[in-house]
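Chemist: Residue numbers for the sequence shown follow the numbering used here, beginning at 15 and rising by one.
Where is the CB? At the ideal position from N, CA and C, for every residue including glycine.
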Amino acid sequence: MSETAAVQPLVIPRESHPISRRNISPAALKVLYGLRDAGYQGFLVGGAVRDLLAGLQPKDFDVATDATPEQVRAVFRNCRLIGRRFRLAHVVFGREIIEVATFRANDGGEGEGRETEDDGRLLRDNVYGTIEDDAVRRDFTVNALYYAIGDFSVRDYVGGHADVQARRLRLIGEPERRYREDPVRLLRAVRLAAKLGFEIDPATAAPMAAMAPLLAGAAPARLFDESLKLFLAGHAERSFLGLERHHLLPALLPEAAAALRAHRNGSLRAMVLEGLRNTDARIAAGKPVTPAFLYAVLLWPAYCRELARLQAQGADPVVAQQRAADRVVLHQAQRIALPRRFSLPMQEIWMLQPRFGLRQKKRVQRLLAHPRFRAAYDFLELRAGMAPELAAELRFWREAQSTAAVVD
Ligand code: ATP
Ligand code: MG
């Protein structure tokens, strides 16, 4: 246990906050009561408490406890332990998993005992700690609130409750140091601000642009996961605007950012924003979205630029297309690990675009039957929004589809 002096939390009683057990999943309640009945402390913590206070329904529920993972396992039959360096307990209820983490501290002085985890996060030695330690090692104050099942109160060690009420995202501790510890917090700031509609506190926002290059050191697989949370969670447009505003776009999508900067009339940026708005609308309507289409939108500016460059060098058009698509993927992969099962269909969406210009009967039949036709057509529609000259093409293919549907 760490030697941090016990800090008295601000206790927000049940009547002063809106969190009701009705909005907590029955599985999470079972875990909280199970821990309590076994004599341990158990709190709902993190994103779930934040979302409930902000009036959103959480998508998952995390629990923090003073019980060790082994002790948690002894309480719940449906429990398995995961993680090597830092063990967590997963209590499994059908398809729902409640993650139970023992209070932990980031102990040791800065620079000492540092090591890099698989995912590239720079962490000092993780040791079990007190609830206060557990609170201050979290990222934002609004993510460090603890809901107690005993009296239904919320415990606040870092001023998170006031920040939720002010709709403010604020890092715990010294912002620059927290970004250096883990640069992905830069993206989490933008993402959570977009998701919650919160403002990033000025002191938390100030070093963001200067810290952006540190993202180059983050693990590409982790950045891929984070990119999906930024862009496929219903707030893609706000995420994109936040990345622009805090100068993080070049760190995440270097070539697309460069292409957008170079493109003077702004129609490419308008198209990307429209694509992201469509994605948000689809999610709001419960329709499916795919990383392939998302990345086709995000990387389109990079692709167009590369294609123009190769064509200016006199490359054969078809060869140029394939080469431009491959180069964009190759370069982007150095930053974000985009799996091939998404990058291949993304490239197909691009490569099919010129084929909409060919209208001989046979070719039309073949394109309509292409497994990527629908996605490519949606992409054409997006392009046509910025390019009126594509209107006739779009109409032709809309009609071709309805005729085909009748023939089927
Ligand atoms: P959401 O689930 O909506 O994506 P979240 O805040 O729950 O948001 P998770 O990745 O599920 O995000 O993390 C759960 C909690 O773990 C956070 O609320 C925060 O307290 C802590 N946490 C997550 N990532 C970090 C980080 N990089 N640094 C410090 N604490 C973190
Ligand atoms: Mg979460």
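When you compare only the Cα positions, how much space is there between THR130 and GLY211?
Modeler: Taking the first residue of the sequence shown as 1, we reach residue 130 at position 116. Taking the first residue of the sequence shown as 1, we reach residue 211 at position 197. At THR130 the pLDDT is 49, less than 50, meaning the model places this residue with poor confidence and gives no usable figure here.
Chemist: Which whole runs of the alpha helix (DSSP H) in the segment 339 to 420 are 4 residues long or more, in chain order?
Modeler: Fully contained in the segment 339 to 420 are the following alpha helix (DSSP H) runs of length 4 or more, in chain order: 354 to 366, 375 to 383 and 387 to 400.
Chemist: May I ask you to report which of helix, strand or coil DSSP gives ASN37?
Modeler: Taking the sequence shown and counting its residues from 1, one reaches residue 37 at position 23. Three-state DSSP puts ASN37 in a helix.
Chemist: Rounded to whole angstroms, what's the CA-CA distance from ASP294 to ALA88? Just pull it up for me.
Modeler: What you label residue 294 is simply residue 280 of the sequence shown in a count that begins at 1. What you label residue 88 is simply residue 74 of the sequence shown in a count that begins at 1. Answer to the nearest angstrom: the Cα atoms are 43 Å apart.
Chemist: Thinking just about the alpha-carbon of each residue, which of ARG99, GLY143 and ASN92 is nearest to the one in THR79?
Modeler: As a working note, residue 79 is residue 65 in the sequence shown. Answer by Cα proximity: GLY143.
Chemist: From the DSSP output, in three-state form, read off ARG109 for me.
Modeler: Taking the sequence shown and counting its residues from 1, one reaches residue 109 at position 95. Three-state result, ARG109: coil.
Chemist: Taking the straight line between their C-alpha atoms, what separation do you get for SER167 and THR155?
Modeler: One-based indexing of the sequence shown puts residue 167 at position 153. One-based indexing of the sequence shown puts residue 155 at position 141. Whole-angstrom Cα-Cα distance: 17 Å.
Chemist: In the DSSP assignment, what are the bridge partners of GLU213?
Modeler: For the purposes of this step, residue 213 is taken as residue 199 along the sequence shown, with counting starting at 1. Looking at the DSSP assignment, GLU213 forms a beta bridge with ARG182.
Chemist: Could you tell me the alpha carbon to alpha carbon distance between LYS301 and ILE186, rounded to whole angstroms?
Modeler: Position 287 of the sequence shown, counted from the first residue, corresponds to residue 301. Position 172 of the sequence shown, counted from the first residue, corresponds to residue 186. Distance between the alpha carbons of LYS301 and ILE186: 37 Å.
Chemist: Quick one: Cα of ARG397 to Cα of LEU287, how far?
Modeler: By 1-based counting over the sequence shown, the position of residue 397 is 383. By 1-based counting over the sequence shown, the position of residue 287 is 273. Cα to Cα, the separation comes out at about 12 Å.
Chemist: If contact is defined by three or more beta carbon pairs under 8 Å, each pair taking one atom from either stretch, is the segment 371 to 379 in contact with the segment 261 to 270?
Modeler: no
Chemist: Could you compute how far the alpha carbon of ARG91 sits from the alpha carbon of ILE38?
Modeler: Along the sequence shown, read from residue 1 onward, the residue named residue 91 stands at position 77. Along the sequence shown, read from residue 1 onward, the residue named residue 38 stands at position 24. Roughly 21 Å separates the two Cα atoms.
Chemist: Taking 7 Å as the cut-off, is the beta-carbon of ASP74 closer than that to any non-hydrogen atom of ligand 2?
Modeler: By one-based count along the sequence shown, residue 74 stands at place 60. Because some heavy atom of ligand 2 lies under 7 Å away, the Cβ of ASP74 counts as near it: yes.
Chemist: Please determine whether the Cβ atom of VAL141 lies at a distance below 7 Å from any heavy atom of ligand 1.
Modeler: By 1-based counting over the sequence shown, the position of residue 141 is 127. For ligand 1, not one heavy atom lies less than 7 Å from the Cβ of VAL141.
Chemist: In whole angstroms, give me the CA-to-CA distance for GLN415 and PRO40.
Modeler: Counted from its first residue, the sequence shown places residue 415 at position 401. Counted from its first residue, the sequence shown places residue 40 at position 26. Each residue's Cα considered, the two are about 47 Å apart.
Chemist: Looking at VAL172 and ligand 1, is the gap between the Cβ and the nearest heavy atom below 7 Å?
Modeler: As a position in the sequence shown, residue 172 is number 158, starting the count at 1. The answer is no for VAL172.
Chemist: Give me the residue from ARG191, GLN85 and ALA219 with the minimum Cα distance to GLY48.
Modeler: Here residue 48 refers to the residue found at position 34 of the sequence shown. Selected option, being the one with the closest Cα: GLN85.
Chemist: Hey, is ARG194 close to ligand 1, as in C-beta under 7 Å from one of its heavy atoms?
Modeler: Here residue 194 is taken as the residue at index 180 of the sequence shown, counted from 1. False, no ligand heavy atom lies under 7 Å from that Cβ.
Chemist: What does the Cβ neighbour count give for THR417, buried or exposed, with the cut at 16 atoms within 10 Å?
Modeler: Taking the sequence shown and counting its residues from 1, one reaches residue 417 at position 403. The residue in question, THR417, is exposed, as its Cβ has fewer than 16 Cβ neighbours within 10 Å.
Chemist: At what residues does the alpha helix (DSSP H) containing ASN120 begin and finish?
Modeler: Sequence index remark: in the sequence shown, residue 120 carries index 106 (1-based). Taken as a continuous stretch (DSSP letters only), ASN120 belongs to no alpha helix (DSSP H), being part of the beta strand (DSSP E) at 118 to 120.
Chemist: Return the chain-ordered ranges of every alpha helix (DSSP H) run that is complete within the segment 211 to 249 and spans a minimum of 4 residues.
Modeler: As far as the segment 211 to 249 is concerned, its whole alpha helix (DSSP H) runs of at least 4 residues are 216 to 219, 222 to 225 and 234 to 245.
Chemist: For ARG283, which option in PHE307, VAL311 and ASN292 has the closest C-alpha, if you only look at C-alpha atoms?
Modeler: As a position in the sequence shown, residue 283 is number 269, starting the count at 1. Nearest of PHE307, VAL311 and ASN292 to ARG283, Cα basis: VAL311.
Chemist: Closer than 6 Å by C-beta to ALA149: which residues in its own chain qualify, once you throw out the five before and the five after it? Chain order, please.
Modeler: Residue mapping note: residue 149 aligns to position 135 of the sequence shown, counting from 1. Contacts found: ALA158, TYR171 and VAL172.
Chemist: Taking the alpha-carbon positions, what's the PHE393 to ARG386 distance?
Modeler: Along the sequence shown, one-based indexing puts residue 393 at 379. Along the sequence shown, one-based indexing puts residue 386 at 372. PHE393 and ARG386: Cα-Cα distance of roughly 11 Å.
Chemist: What's the gap between the Cα of ALA383 and the Cα of SER357?
Modeler: Locating residue 383 in the sequence shown gives position 369, where the first residue counts as 1. Locating residue 357 in the sequence shown gives position 343, where the first residue counts as 1. Taking the straight line from one Cα to the other gives about 21 Å.
Chemist: Could you pull the DSSP bridge partners for VAL168 from this structure?
Modeler: As a working mapping, residue 168 is identified with position 154 in the sequence shown. Paired residues: ILE26 and TYR161.
Chemist: In three-state terms, what does DSSP make of GLY56?
Modeler: Here residue 56 is taken as the residue at index 42 of the sequence shown, counted from 1. In the structure shown, GLY56 sits in a strand (DSSP, three-state: E or B).
Chemist: Would a C-beta distance cut-off of 8 Å place GLU203 and PHE307 closer than the cut-off?
Modeler: On the sequence shown, position 189 is the one that residue 203 refers to. On the sequence shown, position 293 is the one that residue 307 refers to. Per the sequence presented here, residue 203 reads as Ala, with Glu not at that position. Contact: no.
Chemist: Can GLY248 be considered in contact with ligand 2, in the sense that its beta carbon sits closer than 7 Å to one or more heavy atoms?
Modeler: Within the sequence shown, numbered from 1, the residue matching residue 248 stands at position 234. No, the beta carbon of GLY248 sits no closer than 7 Å to any heavy atom of ligand 2.
Chemist: Would you mind reading off the limits of the alpha helix (DSSP H) that contains ALA62?
Modeler: Counted from its first residue, the sequence shown places residue 62 at position 48. That run of the alpha helix (DSSP H) goes 61 to 67.
Chemist: Closer than 8 Å, CB to CB, is PRO23 near chain D or not?
Modeler: In the structure shown, chain D does not exist; there is a single protein chain.
Chemist: Within a Cβ cutoff of 8 Å, which residues of the same chain sit near ARG118, ignoring the five residues on either side of it in sequence?
Modeler: Taking the sequence shown and counting its residues from 1, the one referred to as residue 118 is at position 104. For ARG118, where only same-chain residues beyond five positions count, the Cβ hits under 8 Å are PHE100, ASN140, VAL141, TYR142, GLY143, ASP147, ASP148 and ARG151.
Chemist: Can we say the segment 272 to 283 touches the segment 335 to 342, given the rule of at least three CB pairs closer than 8 Å?
Modeler: no
Chemist: Compute the Euclidean distance between the alpha carbons of GLY123 and VAL21, then round it to the nearest angstrom.
Modeler: The residue given as residue 123 occupies position 109 in the sequence shown. The residue given as residue 21 occupies position 7 in the sequence shown. Annotation note: pLDDT 37 at GLY123 (below 50); position unreliable, coordinate value reported separately. When rounded, the distance between both Cα atoms is 20 Å.
Chemist: Buried or exposed: which applies to GLN346, given that a residue is buried once 16 or more other Cβ atoms fall within 10 Å of its Cβ?
Modeler: For this step, residue 346 is matched to residue 332 along the sequence shown. Classification for GLN346: buried.
Chemist: Can you give the Cα-Cα distance for ILE26 and ALA52, rounded to whole angstroms?
Modeler: Along the sequence shown, read from residue 1 onward, the residue named residue 26 stands at position 12. Along the sequence shown, read from residue 1 onward, the residue named residue 52 stands at position 38. Whole-angstrom Cα-Cα distance: 25 Å.
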